[in-house]
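Have a look at the structure below, then the notes.
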Amino acid sequence: MNVMQRQLLVAVCGVMAFAGGCLGPYEPGGPMMSDDQFTYVSTEWEPVTVILTDTRTGEELWTAEVPVGKKLTIRFYKNKSSGDKDFPDVMRWEIESADVPLRSTLKSQISVPSSNVRRLNVSYRSSPQFHD
934 MNVMQRQLLV
944 AVCGVMAFAG
954 GCLGPYEPGG
964 PMMSDDQFTY
974 VSTEWEPVTV
984 ILTDTRTGEE
994 LWTAEVPVGK
1004 KLTIRFYKNK
1014 SSGDKDFPDV
1024 MRWEIESADV
1034 PLRSTLKSQI
1044 SVPSSNVRRL
1054 NVSYRSSPQF
1064 HD
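Using our numbering, the letters of the sequence shown correspond one by one to residues 934 to 1065.
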């Protein structure tokens, strides 16, 4: 392997490693950095419900009762909503099978309040619950 091939190989590996980090799966615990991204897995013994609340009014804006065996992934995007100054951010989410890494785009979305006036409340429904 000559020097040019070696440099090309190193460059390709570097790009793949970087892209892999950017496109990595959404996992419970999040990306281990401040990225406004969350994943909640619903199991028989911990069936999850997630509620988005506007802390200015106490209004529950959005609720997801995650089915057992599924996971909910949420990600917030700052200043991506247009038209409503009270809801400048966008929340995207997806509910997928818990055992499959989610590497796709989060398809569902709503406009939400900014991070300083919104709260995600996570609770657990009575258990055990079983797959439908």
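Note that the Cβ used here is the ideal one computed from N, Cα and C, for glycine as well.
The structure presented is a predicted model; accordingly, all values stated were derived computationally and were not measured.
Beta-carbon separation of Ile984 and Asn1054 under 9 Å? yes
Give the single residue among Arg1058, Val974 and Leu1005 whose Cα lies nearest to the Cα of Arg1025. Leu1005
Please report the straight-line C-alpha distance between Asp1019 and Lys1011, rounded to a whole angstrom. The alpha-carbon atoms of Asp1019 and Lys1011 are separated by roughly 13 Å.
Under DSSP, the beta strand (DSSP E) around Phe1020 begins and ends at which residues? Premise fails: Phe1020 is in no beta strand (DSSP E) and is neither H nor E.
With which residues is Val999 paired in a DSSP beta bridge? In DSSP, Val999 forms no bridge with anything.
Alpha carbon to alpha carbon, what distance is there between Ser1047 and Gly954? Here Gly954 scores only 47 on pLDDT, less than 50, and its place in the model should not be relied on; the value that follows carries that caveat. Those two C-alpha atoms are separated by around 26 Å.
On the criterion of 16 or more Cβ atoms from any shown chain inside 10 Å, does Pro1034 qualify as buried, or is it exposed? exposed
For Asp1022, the nearest candidate out of Ser1044, Leu1039, Val1001 and Lys1040 (CA to CA): Nearest option by C-alpha distance: Ser1044.
Contact under 9 Å by Cβ, Glu992 with Thr986: yes
Quick check: the Cα distance between Asn935 and Thr982, rounded to an integer number of angstroms? 57 Å
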